[in-house]
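These notes are about the structure you will find just below.
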Amino acid sequence: MSTVDHRKRGRPRNFNPAKAGSIQALDRGLALLRLISEADGLTLTDLAQRSGLAPSTVHRLLFTLEAHRFAMHDEERGLWLIGVDAFKTGMTFLRNRRLAGMGREVMRQLMEQTGETINLGIEDNGEVVFISQIESHNTLRAFRPASARAA
15 MSTVDHRKRG RPRNFNPAKA GSIQALDRGL ALLRLISEAD GLTLTDLAQR
65 SGLAPSTVHR LLFTLEAHRF AMHDEERGLW LIGVDAFKTG MTFLRNRRLA
115 GMGREVMRQL MEQTGETINL GIEDNGEVVF ISQIESHNTL RAFRPASARA
165 A
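Under the working numbering, read the sequence shown as residues 15 to 165, first letter to last.
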């Protein structure tokens with residue numbers, strides 16, 4: 015009778031993130047998505063300048079991201095924006111962690127007790143990424159959109 019090595023699936027046994035090779039096109043495409051997400055839309059020229067890539071390379075990457083609905087082009091304004099599938103992917107992050115839903119009632123109670131806007135955030139590399147907010151009923155109140163960051 016033979017023994018079978020039952021190990022967790024997902025990563026190779028000798029996986030080392032520090033030594034993991036990267037795929038240049040994927041790195042570049044994700045960098046473009048990050049740039050787009052940090053602005054209210056960018057032109058191809060803006061993206062080329064900010065990324066340091068040639069406009070032709072940026073165009074090919076954006077075309078691929080658009081084909082997969084991770085980016086979209088606003089023809090009227092000439093801007094590249096985050097696409098619907100990037101939004102759905104981000105929402106999956108929240109849904110899988112169930113943090114916002116689990117904390118909603120406590121956040122609402124805290125807002126009622128304090129009269130202040132309540133934010134829920136997670137730490138990411140020394141910054142807070144806000145994932146949910148309960149706004150106060152006060153005229154003057156703090157507002158941070160979901161995914162806003164603070165140091």
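A virtual CB, placed ideally from N, CA and C, is assigned to each residue, including glycine. What you are looking at is a predicted structure, and each value in this text was computed from that prediction instead of being measured.
Counted as a single uninterrupted DSSP element, the beta strand (DSSP E) harbouring G135 occupies residues I132 to D138.
With respect to the C-alpha of L40, the residue from T71, Q63 and L56 having the closest C-alpha is T71. By alpha-carbon distance to S146, the top candidate from R91, L113, F77 and Q127 is L113. Counting C-beta pairs closer than 8 Å gives fewer than three between the segment 79-87 and the segment 123-139, which falls short of the contact rule. For secondary structure counted as the beta strand (DSSP E) over 3 or more consecutive residues, the segment 73-153 holds these complete runs in sequence order: 85-88, 93-96, 132-138 and 141-148.
H151 is the residue among H151, R109 and E119 whose C-alpha sits nearest the C-alpha of G129. When secondary structure is reduced to three states using DSSP, L58 falls in the helix class. Residue range Q38 to S51 is occupied by the alpha helix (DSSP H) that includes I50. Counting only the Cα atoms, G135 lies some 30 Å from L76. A buried status is given to G97, since no fewer than 16 other beta-carbon atoms sit within 10 Å of its beta-carbon.
Around the beta carbon of N133, a 10 Å sphere encloses 16 or more other beta carbons of the protein chains shown; the residue is thus reported as buried. Between R83 and Q127, the alpha-carbon positions lie close to 42 Å from each other. By the Cβ rule, the segment 91-107 counts as touching the segment 50-63, because three or more pairs are nearer than 8 Å. Distance from the CA of G104 to the CA of L58, rounded to the nearest whole angstrom, comes to 23 Å. The alpha-carbon separation between F101 and L108 amounts to approximately 11 Å. Contact between A45 and S65 holds: CB atoms are separated by about 6 Å, below the 8 Å threshold.
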